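Heads up: the protein sequence lines correspond to chains Z and U, in order. Following the working numbering, the numbering of the first sequence begins with 54 at its first residue and continues without gaps. Following the working numbering, the numbering of the second sequence begins with 54 at its first residue and continues without gaps.
Protein chains: 2
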Amino acid sequence: MLDCAIIGGGPAGLTAGLYTTRGGLKNVVMFEMGLPGGQITQSSEIENYPGFFDHTKTGMDFMDSWMEQCFHFGLTHKMEKVLKVKKVDEHFELTLESGEKVESKTVIVATGSTPKRAGFKGEDEFFGRGVSTCATCDGFFYKNREVAVLGGGDTALEEAYYLSKICSKVYLIHRRDEFRASPLTIQRVQKTQNIEIITNTHIKEAIGDSMGLSRLVLENLNAEQSVLEVNGIFVFVGRNINNGVLKSDEDNFICEVNQYGEVSVDLKMRTSVEGLFVAGDLRADAQKQVVCAAGDGAVAGLSVISYIQEME
Amino acid sequence: MLDCAIIGGGPAGLTAGLYTTRGGLKNVVMFEMGLPGGQITQSSEIENYPGFFDHTKTGMDFMDSWMEQCFHFGLTHKMEKVLKVKKVDEHFELTLESGEKVESKTVIVATGSTPKRAGFKGEDEFFGRGVSTCATCDGFFYKNREVAVLGGGDTALEEAYYLSKICSKVYLIHRRDEFRASPLTIQRVQKTQNIEIITNTHIKEAIGDSMGLSRLVLENLNAEQSVLEVNGIFVFVGRNINNGVLKSDEDNFICEVNQYGEVSVDLKMRTSVEGLFVAGDLRADAQKQVVCAAGDGAVAGLSVISYIQEME
């Protein structure tokens, strides 16, 4: 029986591992199929994580030192995929892809969310080098320069507006005629002078070189192409919430989630199920910032310790 | 009219400054009488802030690089004490100690809390070098060693229990005969084998050398003295919640607080007053960890940006 099973190895999961093991729990396992570190490892530069301000270092360099620290106090990493979490009496049963079952007193789910890709040519190639899915993270790198935003929902329009305060101009590209965002948000964007709205248009290709993105090839409904000279394109075409492990055999969620499938938590990262905690981008109202996910992980880890103490 | 007034210059206030200015707000002022950095600057070593794992560096070294980063994007530091925050129509009015009034669209209060000192000789001298007020932060430095805890309330007993999982032995020193903690917590501590309870006793003096604390002189009700050979003493004799700026002229709080005077917030760090946000140890359910306070600061900063966008 594990003291704590952590599912997901991004900033939230790693920090939960640090806090639970450093707090004296003996059997803590973090389940992560890939290399731990999360989305941030794909970034070429980070400057909004407090205490880390070195422009020569990439997201991968950044997470390297994290991992060393988080594993230092006894956290175990298991490279296995968890399919399902189920509460059985007072503990939890995890089903792994291998078929193996693992029992744990507590579970912290930190599987995050995955921004969807739009699917244009060059999108993957220039990801983290001009293609971004986070205006808060990367907007400042384009201060007083022109950028593009792709998408037509609330997030795309809100982020375009956020970028309009930092960048000299924002091209808002949307494949349809009308936006799916709230009327007030649409109005605000429409009356912002340095946002240029380009509808009925999609991105055909991102072009650049070893320095990163240099321009976008756009195509409208009449198959007419044009070139937009920008070094940054922010893609907001939806996110997959990685909540699959929290679904029961009957495909219901085992804990309370909101309309987007994000898990409802309180300030202690407790879900509606006792002993089950969630941290990071998977939860409702997450800000999708490394420092916020790390804070969540610490809170969840400390909540697990309190919960186990109360069980004893 | 400021875009945002931040009151307090610890990890929460500094990170709020980073996120608001990097997010494009022009007039952001952080009010902090002393050197920014907060309580952590008094620590001799930090190993639970993810990404910072260098045993040769002190809390002061740690905060130095933070400050550079947080001021890099345009945050202004005003070395003035804020006495009062008042909502006037749609904005806020701050009264400074100098008598000056400052207007701001939004306010983030991050004044934290201050652990009380017990008042024994050597307590200040060895603070951060054996005397601690945070078991989560410093407990691990005494792994498999003996430590002492001073206090008789819920926090003291919970922290003694937390330490009992990490340290070989915990001496729980309390000046009275009975504890003020919840019955369940008292029971749990009483039946923990490696917690030795020493009641009717106070600490007379902390003694050590340049390496830090080496022993405590205890004194009981009969004025009999004894020596306890420990390198760590954790003091939990209460905390002052620094919520004074949130009191009105009539001495009521301008926003909702809990029974301890900690400010009620939601997951976006919104208080019960629109445009007023709180981050860090001042809020309810705070874990009093640097990474949590920093996460709060980022959330509050981003909430301020959203709030201002919606005002426009």
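Yeah, the Cβ is synthetic: ideal placement off N, Cα and C, and Gly gets one too. Fair warning: this is a prediction, and the values are worked out from it, not measured in the lab.
Item: Name the two residues that bound the continuous alpha helix (DSSP H) containing U:Y72.; Value: 64-75
Item: Measure the alpha-carbon distance for Z:A337 versus Z:V331 and round it to whole angstroms.; Value: 10 Å
Item: Provide the residue span of the beta strand (DSSP E) that contains Z:T164, from first to last.; Value: Where Z:T164 is concerned, there is no enclosing beta strand (DSSP E), given that its DSSP letter is neither H nor E.
Item: Can you tell me the Cα-Cα spacing of U:G204 and U:A339, whole angstroms?; Value: 20 Å
Item: Tell me, please, whether the CB atom of Z:A337 is closer than 9 Å to any CB atom in chain U?; Value: yes
Item: Taking Cβ positions only, does Z:Y102 come closer than 9 Å to chain U?; Value: yes
Item: Answer yes or no: do U:K158 and U:T148 have a C-beta to C-beta separation smaller than 9 Å?; Value: no
Item: Tell me the residue span of the alpha helix (DSSP H) that contains Z:F124.; Value: 112-124
Item: How would you label U:D319, buried or exposed, when you count the other beta carbons within 10 angstroms and need 16 or more for buried?; Value: exposed
Item: Taking 9 Å as the threshold (beta carbon to beta carbon), is Z:C57 in contact with chain U?; Value: no
Item: Short of 8 Å Cβ to Cβ, which residues in the segment 238-267 of chain U face chain Z?; Value: R241
Item: Can we say the segment 302-321 of chain Z touches the segment 186-194 of chain Z, given the rule of at least three CB pairs closer than 8 Å?; Value: no
Item: Would the beta-carbon of U:G350 fall within 9 Å of that of U:G333?; Value: yes
Item: Please identify the residue among Z:L335, Z:K154, Z:M132 whose C-alpha is closest to the C-alpha of Z:M54.; Value: Z:K154
Item: How would you write the range of the alpha helix (DSSP H) that Z:R241 sits in, first residue to last?; Value: 236-243
Item: Looking only at its chain, what residues have a beta carbon closer than 7 Å to the beta carbon of Z:L335, apart from the 5 residues adjacent to it on each side?; Value: V162, A163, T164, G165, S166, I294, N295, N296, E315, V316
Item: Alpha carbon to alpha carbon, what distance is there between Z:R292 and Z:K341?; Value: 12 Å
Item: Throw me the rounded Cβ distance for the U:N284 and U:R198 pair, which I believe falls under 8 Å.; Value: 7 Å
Item: If distances are taken between C-alpha atoms only, which option among Z:V82, Z:E277, Z:E133 comes closest to Z:G127?; Value: Z:V82
Item: Can you tell me whether U:E212 is buried or exposed? The criterion is at least 16 other CB atoms within 10 Å of its CB, across all chains shown.; Value: buried
Item: Could you say which of U:I93, U:W119, U:G104, U:Q122 lies nearest to U:G112 if we only look at CA atoms?; Value: U:I93
Item: Can you tell which of U:L210, U:A234, U:R241, U:I248 has its C-alpha closest to the C-alpha of U:Y224?; Value: U:I248
Item: How is the alpha helix (DSSP H) around Z:L217 delimited, first residue to last?; Value: Checking the sequence shown, residue 217 of chain Z turns out to be Ser, not Leu. Start and end: 207-217.
Item: So with Cβ pairs under 9 Å, would you call Z:A213 a contact of chain U?; Value: no
Item: For Z:S16, which option in Z:V343, Z:R323, Z:A259, Z:V344 has the closest C-alpha, if you only look at C-alpha atoms?; Value: Missing from the structure shown is residue 16 of chain Z; chain Z here goes from 54 to 365 and no further.
Item: So what does Z:C57 bridge to, in DSSP terms?; Value: Z:V81, Z:T159
Item: Rounded to whole angstroms, how far is the Cβ of U:K174 from the Cβ of U:A259, which I believe are closer than 8 Å?; Value: 7 Å
Item: At the 9 Å Cβ level, is Z:V352 part of the contact set with chain U, yes or no?; Value: yes
Item: Would you mind reading off the limits of the alpha helix (DSSP H) that contains U:L355?; Value: 343-364
Item: Are the C-beta of U:A163 and some C-beta of chain Z separated by less than 9 Å?; Value: no
Item: For chain Z, find out if any of its Cβ atoms is closer than 9 Å to the Cβ of U:I219; answer yes or no.; Value: yes
Item: Using DSSP bridges, identify the partner residues of Z:V298.; Value: BP columns for Z:V298 are empty, so no partner.
Item: Z:Q340 versus chain U: which residues are under 7 Å apart at the beta carbon?; Value: A351, V352, L355
Item: Under 9 Å, do U:F115 and U:F124 count as touching if we go by C-beta distance?; Value: no
Item: Output, in sequence order along the chain, the residues in the segment 294-328 of chain Z whose CB is closer than 9 Å to any CB in chain U.; Value: V318, D319, L320, K321
Item: Would you say Z:T109 faces chain U, with C-beta separation under 9 Å as the test?; Value: no
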